[in-house]
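*Asks:*
Numbering (the working numbering), first residue to last: 7 to 319.
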């Protein structure tokens, strides 16, 4: 007899058809006889037994009446079987995607605690691929390519040699994750401009005091300010971008809070939010802003310098 309370937790991929076949052997029935009792063709019974045809609600109810157990048992068995098949297929796909790891700052993300630390062995790499897909919030490396690497067309860089898109997108994603934790009202340009000017009064305070005040003031105007650990190969110390039409993000490296030019860089990024198109993503380096030949960067520089004059701050 089929155990009605049986929990199906195999470590192999076994279709419900195996249990159907066992029931036929126990009863000394042929597949043709079962087909007659279920109202199916012999071909369909063969497909069920071999896991080629899924057990749906109607079939589960028929199996309950003809072979016993419950419809819930048959549906659970089928769902677990399909999930096991999917896991095996995923394992194979993850192995095919391990070359993607070469495009990402895997060791740095391990050091930051984003993914578990482990040896980069062939055995561990498929699991790392899965963890990094989860980190980026994408289903496949191709989706990362389309969404994150595809963002490169929107990059406005202070240096064109910033070419490690994997490191850049990893750092940007870290900022996104922090920003997703924070709610804020819709962006108000007039309010943000007033906020930025009021932040001038915080320049005399130590980081532990000015940081939370800055973040709250910016958030009140619809701009999220986050501090994220730097990633070396990204060569990025700050970014100004739009997460959606109503929410802007200023992202600065954690080291920036103790950098002697921190305030200039904050106001520079704020200028990008206030002055420039929402479609752009402005990537900046500490030592590249002054030397940048970009017209947009020069505009942001001039705006920041003006704001930092003694008459303003």
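Backbone N, C-alpha and C define an ideal beta-carbon position, used for all residues, glycine too.
Pick from 249, 24, 255, 290: whose alpha carbon is nearest that of residue 268?
*Replies:* Here residue 268 refers to the residue found at position 262 of the chain shown. Measuring from the Cα of residue 268, the nearest candidate turns out to be 290.
*Asks:* Quick check on residue 307: does DSSP put it in helix, strand or coil?
*Replies:* If you number the chain shown from 1, residue 307 lands on position 301. Helix.
*Asks:* Counting Cβ pairs closer than 8 Å, one from the stretch 73 to 91 and one from the stretch 201 to 212, do we hit at least three?
*Replies:* Verdict: no, contact absent.
*Asks:* Excluding sequence positions up to five away, which residues of its chain have a Cβ less than 7 Å from the Cβ of residue 10?
*Replies:* Here residue 10 is taken as the residue at index 4 of the chain shown, counted from 1. Its pLDDT being 41, under 50, residue 10 is placed unreliably in this model, and the value from its coordinates should be taken loosely. The answer, listed in chain order, is 75, 76, 79.
*Asks:* Can you tell me which residues form a DSSP beta bridge with residue 247?
*Replies:* Against the chain shown, residue 247 aligns to sequence position 241. Answer is 255, bridged to residue 247.
*Asks:* For residue 277 and residue 215, what's the separation of their Cα atoms in angstroms?
*Replies:* Your numbering for residue 277 matches position 271 in the chain shown. Your numbering for residue 215 matches position 209 in the chain shown. Taking the straight line from one Cα to the other gives about 23 Å.
*Asks:* Grouping DSSP H, G and I as helix and E and B as strand, with all else coil, what is residue 279?
*Replies:* Your numbering for residue 279 matches position 273 in the chain shown. Helix.
*Asks:* Kindly identify the DSSP beta-bridge partner or partners of residue 287.
*Replies:* Residue numbering aside, residue 287 sits at position 281 when the chain shown is read from its first letter. For residue 287, which the question treats as bridged, DSSP gives the partners 161.
*Asks:* How many Å lie between residue 234 and residue 97 at the Cα?
*Replies:* Position 228 of the chain shown holds residue 234. Position 91 of the chain shown holds residue 97. Whole-angstrom Cα-Cα distance: 32 Å.
*Asks:* With which residues is residue 233 paired in a DSSP beta bridge?
*Replies:* To locate residue 233, count along the chain shown from 1; it is residue 227. According to DSSP, residue 233 bridges with 258.
*Asks:* Would you kindly work out how many angstroms separate the C-alpha atoms of residue 258 and residue 145, rounded to a whole number?
*Replies:* Position 252 of the chain shown holds residue 258. Position 139 of the chain shown holds residue 145. In a straight line, the C-alpha of residue 258 is about 28 Å away from that of residue 145.
*Asks:* Would you check if the stretch 125 to 138 and the stretch 234 to 252 touch, i.e. whether three or more CB-CB distances between them fall below 8 Å?
*Replies:* These segments do not touch.
*Asks:* If the criterion is Cβ atoms closer than 8 Å, does the pair residue 227 and residue 245 meet it?
*Replies:* As a first step, residue 227 must be located in the chain shown, where it is residue number 221. As a first step, residue 245 must be located in the chain shown, where it is residue number 239. No, they are not a contact pair.
*Asks:* Helix, strand or coil, according to DSSP, for residue 20 in the structure here?
*Replies:* As a first step, residue 20 must be located in the chain shown, where it is residue number 14. Coil.
*Asks:* DSSP state of residue 315, grouped into three classes?
*Replies:* Within the chain shown, residue 315 is the residue found at index 309, counting from 1. Coil, per DSSP.
*Asks:* Taking the continuous alpha helix (DSSP H) assigned at residue 77, which residues delimit it?
*Replies:* By 1-based counting over the chain shown, the position of residue 77 is 71. Looking at the DSSP string, the run of the alpha helix (DSSP H) that includes residue 77 is 77 to 102.
*Asks:* Where does residue 187 fall in DSSP's three states?
*Replies:* Against the chain shown, residue 187 aligns to sequence position 181. Coil.
*Asks:* Comparing alpha-carbon positions, which option in 172, 175, 180, 230 lies nearest residue 194?
*Replies:* The residue given as residue 194 occupies position 188 in the chain shown. Minimum Cα distance to residue 194 is reached at 230.
*Asks:* Excluding the 5 residues flanking residue 61 on each side, which residues of the same chain have their C-beta closer than 6 Å to its C-beta?
*Replies:* For this step, residue 61 is matched to residue 55 along the chain shown. So the list reads 22, 80, 84, once near-sequence residues are dropped.
*Asks:* What's the gap between the Cα of residue 104 and the Cα of residue 301?
*Replies:* Locating residue 104 in the chain shown gives position 98, where the first residue counts as 1. Locating residue 301 in the chain shown gives position 295, where the first residue counts as 1. C-alpha separation (whole angstroms): 40 Å.
*Asks:* At the level of alpha carbons, what is the spacing between residue 308 and residue 123?
*Replies:* As a working note, residue 308 is residue 302 in the chain shown. As a working note, residue 123 is residue 117 in the chain shown. Taking the straight line from one Cα to the other gives about 44 Å.
*Asks:* Select from 46, 82, 179 the residue whose C-alpha is nearest the C-alpha of residue 110.
*Replies:* Residue mapping note: residue 110 aligns to position 104 of the chain shown, counting from 1. Among 46, 82, 179, the Cα nearest to that of residue 110 is on 179.
*Asks:* Could you give the distance in angstroms between the alpha-carbon of residue 170 and the alpha-carbon of residue 147?
*Replies:* To locate residue 170, count along the chain shown from 1; it is residue 164. To locate residue 147, count along the chain shown from 1; it is residue 141. Taking the straight line from one Cα to the other gives about 16 Å.
*Asks:* How long is the line joining the alpha carbons of residue 54 and residue 99, rounded to whole angstroms?
*Replies:* Reading the chain shown from its first residue, position 48 is the one you call residue 54. Reading the chain shown from its first residue, position 93 is the one you call residue 99. Their backbone Cα atoms lie some 26 Å apart in a straight line.
*Asks:* Compare the C-alpha of residue 155 against each of 70, 173, 315 and name the closest.
*Replies:* The residue you call residue 155 lines up with position 149 of the chain shown. Minimum Cα distance to residue 155 is reached at 173.
*Asks:* Tell me the DSSP secondary structure of residue 156 in three-state form.
*Replies:* Within the chain shown, numbered from 1, the residue matching residue 156 stands at position 150. Reduced to three states, the DSSP call for residue 156 is helix.
*Asks:* Which of the three DSSP states is assigned to residue 170 in this structure?
*Replies:* By 1-based counting over the chain shown, the position of residue 170 is 164. In the structure shown, residue 170 sits in coil (DSSP, three-state: anything other than H, G, I, E or B).
*Asks:* On the three-state DSSP scale, how would you describe residue 117?
*Replies:* The count along the chain shown starts at 1 and reaches residue 117 at position 111. It is helical.
*Asks:* Mapping DSSP to helix, strand and coil, what is residue 271?
*Replies:* Residue 271 sits at position 265 when you count from the first residue of the chain shown. Three-state result, residue 271: helix.
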